[in-house]
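S.K.: If you're matching them up, the sequences are chains A and B in order. FYI, in our numbering the residues of the first sequence are 1 to 227. FYI, in our numbering the residues of the second sequence are 1001 to 1227.
Number of protein chains: 2
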Amino acid sequence: MRSPRDVGVVVVAAGRGRRAGGGPLKQFREIGGVPMVLRAIRPFAAHPEVAHVAVVLPAEAVATPPPWLAALRGEGVHLVPGGAERSDSVAAGLAALPPSCAVVLVHDGARPFPSRDTIDLVLAEARAGRAALAAIPVSDTLKEAAPGGRLVARTVSRENLWRAQTPQAFPRALLERAHAAAVPGATDDAALVEAIGGSVVLVPDDAGNLKVTSEEDFVLAEALARR
Amino acid sequence: MRSPRDVGVVVVAAGRGRRAGGGPLKQFREIGGVPMVLRAIRPFAAHPEVAHVAVVLPAEAVATPPPWLAALRGEGVHLVPGGAERSDSVAAGLAALPPSCAVVLVHDGARPFPSRDTIDLVLAEARAGRAALAAIPVSDTLKEAAPGGRLVARTVSRENLWRAQTPQAFPRALLERAHAAAVPGATDDAALVEAIGGSVVLVPDDAGNLKVTSEEDFVLAEALARR
């Protein structure tokens, strides 16, 4: 049975981080000759079940988008100005998706290498009625510091701990309810669903789906893009 | 006041991980033309306060070391066969350090870029009588899975959480007591000190001091070494 083309995607790239010394927005920096956020958008825009992609950007980037971004408009890609908090930006993207989008994926514009496998796996969970997120098991030893200091209070067991990544996938009604009830400070959308008692499933992601923030991350992303 | 040359270092490189399809031990793979474990050893061997470095390796690598490793012997570098568990390997390295080493640093042989700043900072803590470890604040959203499954039980607050790295530094007597009391399963030496009630201090590390395990890590390390 073929799945319907009823998926909407919110790509969150509303941050205003710039290179030290000015220069373009971080999400517009090229990785292997392709702007980072374009890499983040492409696997979704090319997916057969995806009908609409809302790309949430700083307001000035929506007003005067670079040509490669403006060119995406009209192919189901919508440019949406972001809000004050991350969750405001996701909500703005969500509101820009037509009601025909029954399933919604949220992806971080600073993750330029989402895999088709992971997209399909989180999507399958959302079609089954549950929220799902890409995640990686914690492999580091974790220490909890005593409040306000640098003294170790304890080593935290990493058993059953995962690092949350994106894409995250949701039945649209569930994500909308979660955002309507949102409390400030949540660092991902799955947490909003957890807060209203919704079921959230972890989907093992591949290590290549890194978040690109620091200069070291850009070095790695360049090297990965070249291979 | 000049600090005495009384520091011993244990570099733990006793793992038997190999490249897919055979090839050299992971710790002997070259990064920017220099074997990884040699990069891990050098900043310690070159430190003015370090008198001895015990490099803990698989037994066969101690029996027939590669020439660049054999050449280090006699310059205060000792090659020591490892044990079954990580803590056995550290204990073997510790036993190989002469009693004149009053302060001991432990470093992971899979971290080829320890910085001089971090070494000096953890060393200063150990000279003040406390255990210390290099660490990085957790920046990921963490999820705890329900036991034995993939359902999210909760989002774990990352406030006050740090990822433990190496080098870790200890007054020698404290580390010896901690190892004598060691329980199996500890993933770092600081945890053994915590277990006997010793004080452990977190020292903010730089992001460049990465642990090289996966193929992606080797790509990043190559790129960092080239810069």
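In this text, a Cβ means the ideal position worked out from N, Cα and C, and glycines have one as well. Just so you know, these numbers come straight off a predicted model, no measurement behind them.
1. Between Gly76(A), Ala124(A), Gly148(A), Val90(A), which has its C-alpha nearest Gly109(A)'s C-alpha?
2. Counting Cβ pairs closer than 8 Å, one from the region 1113-1124 of chain B and one from the region 124-141 of chain A, do we hit at least three?
3. Using a Cβ cut-off of 9 Å, pull out every chain B residue sitting near Leu161(A), in sequence order please.
4. What are the start and end residues of each continuous alpha helix (DSSP H) run of 4 or more residues lying completely inside the region 37-92 of chain A, in chain order?
5. Once the 5 residues before and after Met36(A) are set aside, which same chain residues still bring their CB inside 8 Å of it?
6. Of all Cβ atoms in chain B, is any one closer than 8 Å to the Cβ of Val201(A)?
7. Out of Leu1202(B), Ala1054(B), Ala1095(B), Pro1171(B), state which residue places its alpha-carbon closest to the alpha-carbon of Leu1121(B).
8. Please compile the residues from chain A whose C-beta is within a distance smaller than 7 Å of the C-beta of Leu1123(B).
9. Strictly by DSSP, which residues pair up with Glu144(A)?
10. Examine chain B for any beta-carbon lying closer than 8 Å to the beta-carbon of Thr187(A), and answer yes or no.
11. Helix, strand or coil for Ala96(A) per DSSP?
12. Expressed to the nearest angstrom, what Euclidean distance is found between the alpha-carbon atoms of Leu1123(B) and Val1103(B)?
13. If you measure between the beta carbons of Pro1093(B) and Ala1051(B), is that distance less than 8 Å?
14. Counting pairs of Cβ atoms below 8 Å between the region 171-186 of chain A and the region 77-87 of chain A, do you hit three or more?
15. Would Ser3(A) and Arg127(A) qualify as a contact pair, given that the criterion is a beta-carbon distance under 8 Å?
16. For Leu161(A) versus Val138(A), is the C-beta distance shorter than 8 Å?
17. Strictly below 8 Å CB to CB, what residues from chain B border Leu151(A)?
18. Does DSSP classify Ile196(A) as helix, strand or coil?
19. With DSSP as the reference, please indicate the residues paired to Asp1108(B) in a beta bridge.
20. Just checking my contact of Arg968(B) with Pro1058(B) at CB under 8 Å: how many whole Å lie between their CB atoms?
21. Using a beta-carbon distance below 8 Å, is Ser214(A) in contact with chain B?
22. Taking CB distances under 8 Å as the criterion, tell me whether Glu85(A) reaches chain B.
23. Just to confirm the assignment, what range does the beta strand (DSSP E) spanning Leu133(A) have?
24. Would you check if the distance between the CB atom of His1107(B) and the CB atom of Ala1190(B) is smaller than 8 Å?
25. Return helix, strand or coil for Ala169(A), following the three-state DSSP convention.
26. Going by the DSSP bridge assignment, what does Pro1035(B) pair with across the sheet?
27. Check the Cβ of Val104(A) against every Cβ in chain B and list those closer than 7 Å, keeping chain order.
28. In chain order, what residues of the same chain have a beta carbon less than 8 Å from the beta carbon of Val1152(B), not counting five sequence neighbours either side?
29. What does the Cβ neighbour count give for Ala13(A), buried or exposed, with the cut at 16 atoms within 10 Å?
30. Which residues in the same chain as Val156(A) place their Cβ atom closer than 8 Å to its Cβ, once the five residues preceding and following it in sequence are excluded?
M.R.: According to the structure data:
1. Val90(A)
2. no
3. Leu1142, Lys1143, Glu1144, Ala1145, Val1156
4. 59-63, 67-70
5. Lys26, Gln27, Phe28, Arg29, Glu30, Gly109, Ala110, Pro112, Val212, Ala221
6. yes
7. Leu1202(B)
8. Those within 7 Å of Leu1123(B) in chain A number zero; the least Cβ separation is about 16 Å.
9. Arg154(A), Leu1161(B)
10. yes
11. coil
12. 8 Å
13. Residue identity differs from the one stated: residue 1093(B) is Gly in this sequence, not Pro. No, the pair does not count as a contact, with Cβ atoms beyond the cut-off.
14. yes
15. yes
16. yes
17. Ser1199, Val1200, Val1201, Leu1202
18. coil
19. Val1012(B)
20. As displayed, chain B neither begins before 1001 nor continues past 1227, which places residue 968(B) out of reach and without an answer.
21. yes
22. no
23. 131-137
24. no
25. strand
26. Glu1030(B)
27. By Cβ distance, chain B contributes nothing, its closest Cβ being about 18 Å from Val104(A), past 7 Å.
28. Lys1143, Glu1144, Ala1145, Ala1146
29. buried
30. Leu142, Lys143, Glu144
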